[in-house]
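Engineer: Handing you this structure, nothing more for now.
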Amino acid sequence: MIGAVVSGQIADVAGRKGAMRASALVSIVGWLAIFSAQSASSLDFGRFCTGLGVGVFSYVVPVFIAEIAPKALRGGLTALNPLMIGTGLSVTYIVGTVVSWRMLAMAGLVPCIILIAGLFFIPESPRWLAKVGRQKEFEIALQHLRGRDADVSLEAAEMQDFVETIDNLPKPGIQDLFSRPYIRPVVIGAGLMVFQQFAGINGILFYASETFVSAGFDSGNLGTILMACIQLPLTTLGALLMDRSGRKPLLLISTSGLLVGTLMSAVSFYLKIHGIFPEQVPVITLTSILVYIASYSLGMGSVPWVIMSEIFPINMKGIGGSFVTLVNWLASLAVSFAFNFLMSWSASGTFFFFAFVCAVAILFIVKIVPETKGKTLEEIQASINCGT
């Protein structure tokens, strides 16, 4: 959460590449501390450093991708971020079964080192370069990203005009997040993050084995393996559809699937408590959780991060993006902490609550969330300010 708080300011001051480079270095320190730990305090320090790095990465990576990608590919490319997160988690689970935790910590160094090396070969965000007045580097970076023979004059002029317009406005502070020019993107970004987390995803993922056992399975291994098997293909499908179907339809389909999955889970636990169809309850529970995970992977897992990276103007992107990222981490913490207590209180009631959240989320998406497919970032931000 500390990383989320400072991520925007770091990215605004040091640049998007600078923020990623700093995060990778902090993560390297963390992994080395974990590898060499001889006490709990060393492990805590290592976890703090890696958490700080992840907090910054969670903001700056989708923002950087959104700022460098052409509008026709922006959604799918930004959605690669959660896809790679899922891939990394899966690889970690697999590697962790065959190596010690110290060697697993050393393995964490590999992507950090590759990232630091790779950053020397990619350009900085043209929009950030324009914002800080580095005109020559801005033009070179944009040309490099679009190709040597591409005509970028119109796109460059649009970016430059938007930055100049923003520069004429007073420099915003944290208190301006809730002022009229910025309140709508804050509501959209933070609202999507709250619904993403309060639909129950981290509680379900963290306690999947316990959930399957409480539903009547002898162990949770089968369910968790099937969950892992469907996450990556569905996340990949969502990334492919992002710039074809649009963000809003994908969100609606995904959230509707979450609603179905949570209702099925609620009904299955209700049947178990009352001894109705006891032999069918485990199958219903497994099916409902798989429907839930598939639906989440298709859209709700990635689209909120894509939209967050698109809706804030360049002068408010650091503060606004940090706030929205912090909201996501706080909501995740709340759900992860409360899930076990809620399940002890009432398993069916817990999933009925998640279903209610999903139903409200559908209304929120229909009424509040804009479609950003096929628009430049400047067009998106102008339309949000106009309330369209």
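If you use our numbering, the sequence shown corresponds to residues 2 to 389, in order. The C-beta atom is built at its ideal place from N, Cα and C for all residues, glycine as well. Note that the structure is a prediction, hence the values are computed from the model and not measured.
(1) With H, G and I counted as helix, E and B as strand and the rest as coil, what does DSSP make of LEU74?
(2) Please go through the same chain and pick out, in chain order, the residues whose beta-carbon is closer than 8 Å to the beta-carbon of ILE141, but skip the five residues on each side of it.
(3) Flag this pair as touching only if the region 80 to 87 and the region 299 to 307 have three or more C-beta atom pairs under 8 Å; answer yes or no.
(4) In angstroms, rounded to a whole number, what distance separates the CA positions of SER266 and ILE290?
(5) Specify, as a first and last residue, the run of the alpha helix (DSSP H) that PRO186 falls within.
(6) Could you give the first and the last residue of the continuous alpha helix (DSSP H) run that contains ASP168?
(7) Return the CA-CA distance between ILE184 and SER310, expressed in angstroms with no decimal places.
(8) Around the Cβ of GLU165, are there at least 16 other Cβ atoms within 10 angstroms (buried) or fewer (exposed)?
(9) Note the first and the last residue of the continuous alpha helix (DSSP H) segment covering ALA15.
(10) Assuming LEU252 contacts VAL361 under a Cβ cut-off of 8 Å, what Cβ separation, rounded to an integer in Å, is found between them?
(11) My output table needs one value for TYR208: the three-state DSSP class, helix, strand or coil.
(12) Around the C-beta of PHE270, are 16 or more other C-beta atoms found within 10 angstroms, so that it is buried, or is it exposed?
(13) Which class does SER296 belong to by DSSP, given the choice of helix, strand or coil?
(14) Using the rule of at least 16 other Cβ atoms within 10 Å of the residue's Cβ for burial, across every protein chain shown, is VAL14 buried or exposed?
(15) Enumerate in chain order the residues of its own chain whose CB-to-CB distance from GLY204 is below 7 Å, with the five nearest sequence positions on each side excluded.
(16) Whole angstroms are fine: how far does the CA of SER255 sit from the CA of VAL268?
(17) Determine the closest residue to GLY174 out of ARG245, TRP330, GLY322 and CYS359, with distance taken between C-alpha atoms.
(18) Using the Cβ count rule (16 or more neighbours within 10 Å means buried), how would you classify MET344?
(19) Across the region 106 to 118 and the region 184 to 195, are there enough close Cβ pairs to call them in contact, namely three or more that are closer than 8 Å?
(20) For PHE213, count neighbouring C-beta atoms within 10 Å of its own C-beta (all shown protein chains included) and say buried if the count is 16 or more, exposed if not.
(21) For THR286, tell me which candidate among MET228, ILE381, GLN232 and VAL358 has the shortest Cα-Cα distance.
(22) Between the C-alpha atoms of ALA70 and LYS374, what's the straight-line distance to the nearest angstrom?
(23) List, from N- to C-terminal side, the alpha helix (DSSP H) runs of 4 residues or more that fit wholly inside the region 289 to 368.
(24) For PRO283, name the three-state secondary structure that DSSP assigns.
(25) Which value, in whole angstroms, describes the spacing of the CA atoms of TYR94 and SER8?
(26) How big is the Cα-Cα spacing for SER257 and VAL57?
(27) Below 8 Å on the Cβ atoms is my contact criterion, and I expect GLY262 with VAL292 to pass it. Report the Cβ-Cβ distance as a whole number of Å.
(28) What does the alpha-carbon distance come out to for the pair THR326 and LEU53?
(29) Could you give the C-beta distance for GLN198 and ALA41, rounded to a whole number, given that I count them as a contact under 8 Å?
(30) Sort ARG128, SER37 and ARG75 by Cα distance to ARG248 and report the nearest one.
Structural biologist: Considering the structure as presented:
(1) coil
(2) PRO124
(3) yes
(4) 7 Å
(5) 181 to 199
(6) 154 to 168
(7) 16 Å
(8) exposed
(9) 3 to 36
(10) Actually they are not in contact, since the Cβ atoms of LEU252 and VAL361 sit about 13 Å apart, beyond 8 Å.
(11) coil
(12) buried
(13) helix
(14) exposed
(15) VAL336, SER337 and PHE340
(16) 20 Å
(17) GLY322
(18) buried
(19) no
(20) buried
(21) MET228
(22) 13 Å
(23) 304 to 312, 318 to 346 and 348 to 368
(24) helix
(25) 27 Å
(26) 31 Å
(27) 4 Å
(28) 13 Å
(29) That pair is no contact at about 29 Å.
(30) ARG75
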